[in-house]
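A.B. asks: If you read the sequences in order, they're chains A and B.
Its first residue numbered 3, the first sequence is counted upward by one per residue in our numbering.
Its first residue numbered 13, the second sequence is counted upward by one per residue in our numbering.
I have a structure here, written as structure tokens, and I will follow up with some questions on it.
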Amino acid sequence: DTEVTQTPKHLVMGMTNKKSLKCEQHMGHRAMYWYKQKAKKPPELMFVYSYEKLSINESVPSRFSPECPNSSLLNLHLHALQPEDSALYLCASSQVSGDYEQYFGPGTRLTVT
Amino acid sequence: RKEVEQDPGPFNVPEGATVAFNCTYSNSASQSFFWYRQDCRKEPKLLMSVYSSGNEDGRFTAQLNRASQYISLLIRDSKLSDSATYLCVVPGDSNYQLIWGAGTKLIIKP
Chain A
3 DTEVTQTPKH LVMGMTNKKS LKCEQHMGHR AMYWYKQKAK KPPELMFVYS
53 YEKLSINESV PSRFSPECPN SSLLNLHLHA LQPEDSALYL CASSQVSGDY
103 EQYFGPGTRL TVT
Chain B
13 RKEVEQDPGP FNVPEGATVA FNCTYSNSAS QSFFWYRQDC RKEPKLLMSV
63 YSSGNEDGRF TAQLNRASQY ISLLIRDSKL SDSATYLCVV PGDSNYQLIW
113 GAGTKLIIKP
């Protein structure tokens, strides 16, 4: 069983809504990630947090806003999304900086209407 | 040349057979390599890490060929539960960044 949890599992939102995705890991990892995955494509990196500080933003539009309240939690705030933002949003974590063995949560399947 | 390339498949293989697929990478300086498996509508799961010439874990063997810049994944005595997409992953230039192949779809048939 995965030790990275994500809520909600499914989310349907309108283009004017504000919602948040949540991720929690219980492995003591200090790096956490948000990925976006479209059908039949590999995951695309969005953000990386290292020791609760944002270290990488892969030119993600500002309608996606990450937040890391503490070392175990990672949020992704969504506002004014577009239908093309519909995808599987995956959270992952790794033990320390530069550790490429990443462990993924089950994802949130987002549909923007 | 793409940074990480994989044959998308699908590979249709009878149960019990041995199957192998390759992943080529462009960065000759890469030192570590990873295979993830992803079931339909599920998250990727780390299958194997390769830091030297190869790695073996039960029915799964990963081998690295640095001269030709590819890694292979061999699955012996394949099971129905091995049906999945297998993603090859190589670290990028910046910390934490992984370059993902598009994946190889494997279907094990009874």
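Every residue gets a Cβ at the ideal spot worked out from N, C-alpha and C, and that includes glycine.
For the putative contact between S74 of chain A and Q8 of chain A, defined by C-beta atoms under 8 Å, what is the C-beta separation to the nearest angstrom?
C.D. replies: Taking the first sequence and counting its residues from 1, one reaches residue 74 of chain A at position 72. Taking the first sequence and counting its residues from 1, one reaches residue 8 of chain A at position 6. With a Cβ gap of about 13 Å, S74 of chain A and Q8 of chain A do not count as contacting.
A.B. asks: According to DSSP, is E46 of chain A part of a helix, a strand, or is it coil?
C.D. replies: Within the first sequence, residue 46 of chain A is the residue found at index 44, counting from 1. E46 of chain A falls in the strand class under three-state DSSP.
A.B. asks: Can you tell me whether DSSP reads E54 of chain A as helix, strand or coil?
C.D. replies: Stepping through the first sequence from its first residue, residue 54 of chain A is reached at position 52. E54 of chain A falls in the coil class under three-state DSSP.
A.B. asks: Check whether chain B comes within 8 Å of P108 of chain A, counting only Cβ atoms and requiring the distance to be less than that.
C.D. replies: As a first step, residue 108 of chain A is located in the first sequence; it is residue number 106 there, counting from the start. Chain B contact via Cβ: present.
A.B. asks: Quick check: the Cα distance between V98 of chain A and V16 of chain B, rounded to an integer number of angstroms?
C.D. replies: As a first step, residue 98 of chain A is located in the first sequence; it is residue number 96 there, counting from the start. As a first step, residue 16 of chain B is located in the second sequence; it is residue number 4 there, counting from the start. Answer to the nearest angstrom: the Cα atoms are 24 Å apart.
A.B. asks: How many Å lie between E130 of chain A and V62 of chain A at the Cα?
C.D. replies: Past the edges of chain A, shown from 3 to 115, lies residue 130 of chain A, and the structure says nothing about it.
A.B. asks: Check whether chain A comes within 8 Å of E146 of chain B, counting only Cβ atoms and requiring the distance to be less than that.
C.D. replies: With chain B covering 13 to 122 only, the question about residue 146 of chain B has no answer from this structure.
A.B. asks: Determine the chain B residues that contact A33 of chain A at a beta-carbon separation under 7 Å, and present them in chain order.
C.D. replies: Sequence index remark: in the first sequence, residue 33 of chain A carries index 31 (1-based). Chain B residues near A33 of chain A: Y108.
A.B. asks: At a CB-CB cut-off below 7 Å, which residues of chain B make contact with V50 of chain A?
C.D. replies: Here residue 50 of chain A corresponds to residue number 48 of the first sequence, with the count starting at 1. Result: Y108.
A.B. asks: Taking its Cβ as the centre, do 16 or more other Cβ atoms sit within 10 Å of A79 of chain B, making it buried, or is it exposed?
C.D. replies: Numbered from 1 along the second sequence, position 67 holds the residue referred to as residue 79 of chain B. The residue is exposed, with fewer than 16 neighbouring Cβ atoms inside 10 Å.
A.B. asks: Tell me whether the segment 17 to 26 of chain A and the segment 77 to 93 of chain A touch, counting them as touching only if at least three CB pairs, one residue from each stretch, are closer than 8 Å.
C.D. replies: Judged by Cβ distances under 8 Å, the segment 17 to 26 of chain A makes contact with the segment 77 to 93 of chain A, as three or more pairs qualify.
A.B. asks: Do we get a CB-CB distance below 8 Å when we pair E103 of chain A with the residues of chain B?
C.D. replies: Position 101 of the first sequence, counted from the first residue, corresponds to residue 103 of chain A. E103 of chain A counts as touching chain B.
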